[in-house]
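Heads up, the sequence shown is in this note's numbering, so the first residue is 6 and it goes up one at a time. The C-beta atom is built at its ideal place from N, Cα and C for all residues, glycine as well. Notes follow the structure.
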Amino acid sequence: MLENYHFIHGKLQGLSEHSVPLKRYTDDSFAAYSTNLDAYVMWLWECEVGKFTALFATIETHLESLPVKEVQFHLPKQDVRKAGELIHQNLDKSIKHIGERLKKHLSHSGDMAAVVVQCLRATILKTHERHAMLAKKCYDLELDLTVDRLRTSLEKLH
6 MLENYHFIHG
16 KLQGLSEHSV
26 PLKRYTDDSF
36 AAYSTNLDAY
46 VMWLWECEVG
56 KFTALFATIE
66 THLESLPVKE
76 VQFHLPKQDV
86 RKAGELIHQN
96 LDKSIKHIGE
106 RLKKHLSHSG
116 DMAAVVVQCL
126 RATILKTHER
136 HAMLAKKCYD
146 LELDLTVDRL
156 RTSLEKLH
């Protein structure tokens with residue numbers, strides 16, 4: 006599905022340069038393409054670190070109804086620390102599994118794989134930044150996984 010949106014957007018973009026009415030369809034195809042790309046990237050990441058992302062989703066849910074200082078009474082600091090250590094220890098293995106999934110799903114489309122990898126890197130770094138901010142804000146805790154280590158591991162994807 007993602008590849009279809011990528012293909013359609015590329016074709017419509019080329020045609021819409023000469024036809025104003027096609028501009029709307031080009032924008033619609035790009036919106037659908039972006040939505041599906043983001044969903045695929047999050048699925049890839051959550052397949053490997055689902056418990057970690059679910060933990061921070063729970064923290065964000067608690068923040069909707071609780072003050073920042075009370076979150077730690079509903080979700081222990083040890084759980085956050087343990088999840089952070091686990092992802093830090095298994096990061097290279099997780100990145101390797103993501104790479105294998107990409108090869109399996111997009112082996113016939115090198116261009117699409119490159120687009121997914123680029124989006125994956127940006128999304129993971131943005132997600133990590135948000136998780137680190139939540140850990141610091143709610144628990145006064147620094148995550149074991151640093152941005153530099155994450156970038157280094159993500160560079161292995163190609």
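Residue i - DSSP class collapsed to helix/strand/coil
i      : result
Leu71  : coil
Asp43  : helix
Asp153 : helix
Glu160 : coil
Leu148 : coil
Ser34  : helix
Glu22  : coil
Whole-number beta carbon distance between residue j and residue i, since they are thought to touch under 8 Å
i      : j      : result
Lys82  : Leu150 : That pair is no contact at about 16 Å.
Leu155 : Leu130 : 7 Å
Ser34  : Leu17  : 5 Å
Arg106 : Leu42  : Contact doesn't hold; Cβ gap of about 15 Å is too wide.
Gly89  : Leu148 : 5 Å
Leu80  : Thr63  : 6 Å
Distance cut-off 6 Å: residue i Cβ against heavy atoms of the ligand SAM
i      : result
Ala127 : Looking for the ligand SAM in the displayed structure turns up nothing, as the structure carries no ligands at all.
**OP:** Go through the region 52-130 residue by residue and report every complete run of the alpha helix (DSSP H) that reaches 4 residues or more, in order.
**Re:** 76-79, 82-94 and 96-111
Subject >> At least 3 beta-carbon pairs within less than 8 Å: the region 115-133 vs the region 151-160 >> reply: yes
Original post:
For the region 123-137 against the region 68-83, are there 3 or more C-beta pairs whose distance is under 8 Å?
Top reply: no
**OP:** Would you check if the region 92-109 and the region 47-54 touch, i.e. whether three or more CB-CB distances between them fall below 8 Å?
**Re:** yes
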